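Peer 1:
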Amino acid sequence: MKSIILAAGYATRLYPLTLTVPKPLLPVKGKPILNYLFDDIDSIEQISEHIIITNHKFIGNFEKWLSIQHFQHPVILLNDGTTTNEDRLGAVKDLSLAASSLRLTDDLLVLAGDNLLDFSLKGFVSFFMQCKTSCVMCYPENNLAKQKKTAIITKDSNGRITSYEEKPAIPKNNLAVPPFYCYQSCDIEKISAALSDGCSPDAPGSFAAWLSRHTVLHAWEMPGHRYDVGDINSYKEIL
266 MKSIILAAGY ATRLYPLTLT VPKPLLPVKG KPILNYLFDD IDSIEQISEH IIITNHKFIG
326 NFEKWLSIQH FQHPVILLND GTTTNEDRLG AVKDLSLAAS SLRLTDDLLV LAGDNLLDFS
386 LKGFVSFFMQ CKTSCVMCYP ENNLAKQKKT AIITKDSNGR ITSYEEKPAI PKNNLAVPPF
446 YCYQSCDIEK ISAALSDGCS PDAPGSFAAW LSRHTVLHAW EMPGHRYDVG DINSYKEIL
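So the number in my numbering is just where the residue sits in the sequence shown, counting from 1, plus 265.
#1: If you follow the alpha helix (DSSP H) that Asn300 is in, where does it begin and where does it stop?
#2: Helix, strand or coil for Val481? Go by DSSP, reduced to three states.
#3: Does the beta-carbon of Cys396 have 16 or more other beta-carbons within 10 angstroms, so that it is buried, or is it exposed?
#4: Assign Leu376 to one of three DSSP states: helix, strand, or coil.
#5: Which runs of the alpha helix (DSSP H) at least 4 residues long sit entirely within the segment 337-377? Give them in chain order.
#6: Pairing CB atoms from the segment 364-371 with CB atoms from the segment 401-410, are three or more of them under 8 Å?
#7: How should Glu406 be labelled, buried or exposed, when 16 other C-beta atoms within 10 angstroms of its C-beta is the threshold for buried?
#8: Could you spell out the range, first to last residue, of the beta strand (DSSP E) harbouring Met402?
#9: Compute the distance between the beta-carbons of Arg278 and Asp496, then report whether it is under 8 Å.
#10: Per DSSP, Thr419 forms a beta bridge with which residues?
#11: Specify the secondary structure class of Ser457 as computed by DSSP and reduced to three states.
#12: In whole angstroms, what separates the C-alpha of Leu343 from that of Asp304?
#13: So the beta strand (DSSP E) Tyr492 belongs to, where does it begin and stop?
#14: Report yes or no: do the segment 297-314 and the segment 413-432 share at least 3 C-beta pairs separated by less than 8 Å?
Dropping the structure here:
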C-alpha cells in the first residue's frame, strides 16, 4: 500500500500567506501541517511509500522541505506541471496522473495535505483491510450550510454506503466525508472511465462518489476531530 498526499492546490483563500508557501507547509505550533500527517502515516505498517503530488510553482518548496526530513519510508515528489490556480488539474486528475505516470498497482491511502487530525489513520487502514472494498471516512456534520458544501452519505449498519452526494441541495443525512480515502488498486484503474463519464476533476471526493454508483464502498466513522485549514480565520484558530 502507498499513500498519496494531494498538495497541488493554490489555496487562494489564504492569500497572501500562500502566495509563496504551499498550504501544507504552513507552520502550526512550530512545524508544517504536512509533518503532522507524516508523523502518523509514516508509522502505518501497511504503507511502504509516500507520494506527494504538487505543482510546478511549489515543487521547490517541497524539495527543500523533503531534504531535511527523515522518514521511515521513501517519499516521491510528483510535479503536475501547473503554475496557477486557473490551470490547475484538480485532485482527481492529479490522482490519475500519479496512477499513470508512476504505474501504480498498489492499494492507496489518499489524503489532502492541508488537514489536521487528532487521531491516527491506522484504524481507517485496518477498516479498509477488513472490508476488502474501497472506503471513505465520515463524521457527523450538523450545520446545514456546511452539509451543502461537502459530500454527504448514508450507510447501513455494516458501514456499506447506500447513497453518496457531493454538495447536496437537500442533504439526506448528516454524515459528511472529509478528503481521506482508501482505494483498492482495481478501483484506481477506473479513474479514466470516471472522468470520461463526467466525474468532476476538481473535488477530491467526486471520484469516490462516482465509484459508489458502480461498486460497493464502505465508510469508517472518525473517532476524533478533523481541522480543515480553509481560510485565514480557520488557520488562525489552530495556531
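C-beta: ideal position from N, C-alpha, C; glycine also. Model, not experiment: these values are computed from the prediction.
Peer 2: So, from the data block:
#1: One-based indexing of the sequence shown puts residue 300 at position 35. Segment 298-306, the alpha helix (DSSP H) holding Asn300.
#2: Here residue 481 is taken as the residue at index 216 of the sequence shown, counted from 1. Looking at Val481 - three-state DSSP - the assignment turns out to be coil, as it is neither helix nor strand.
#3: For this step, residue 396 is matched to residue 131 along the sequence shown. The C-beta of Cys396 has 16 or more other C-beta atoms within 10 Å across all chains shown, which makes the residue buried.
#4: On the sequence shown, position 111 is the one that residue 376 refers to. In the three-state DSSP reduction, Leu376 falls in the strand class (E or B).
#5: Counting whole runs of 4 or more residues, the segment 337-377 contains the alpha helix (DSSP H) stretches 356-366.
#6: No: the two stretches stay apart, fewer than three of their Cβ pairs being nearer than 8 Å.
#7: Locating residue 406 in the sequence shown gives position 141, counting from the first residue. Classification for Glu406: buried.
#8: Counting from one through the sequence shown, the residue named residue 402 turns up at place 137. It spans 399-405 - the beta strand (DSSP E) in which Met402 sits, taken as one unbroken run.
#9: Residue 278 sits at position 13 when you count from the first residue of the sequence shown. Residue 496 sits at position 231 when you count from the first residue of the sequence shown. Yes, the pair counts as a contact, with Cβ atoms nearer than the cut-off.
#10: Within the sequence shown, residue 419 is the residue found at index 154, counting from 1. Answer is Ser428.
#11: Your numbering for residue 457 matches position 192 in the sequence shown. The answer is helix: DSSP assigns Ser457 an H, G or I state.
#12: Position 78 of the sequence shown, counted from the start, is the residue given in the question as residue 343. Position 39 of the sequence shown, counted from the start, is the residue given in the question as residue 304. Computed Cα separation, rounded: 21 Å.
#13: Taking the sequence shown and counting its residues from 1, the one referred to as residue 492 is at position 227. 491-493 is the span of the beta strand (DSSP E), which, as asked, contains Tyr492.
#14: By the Cβ rule, the segment 297-314 does not count as touching the segment 413-432, because fewer than three pairs are nearer than 8 Å.
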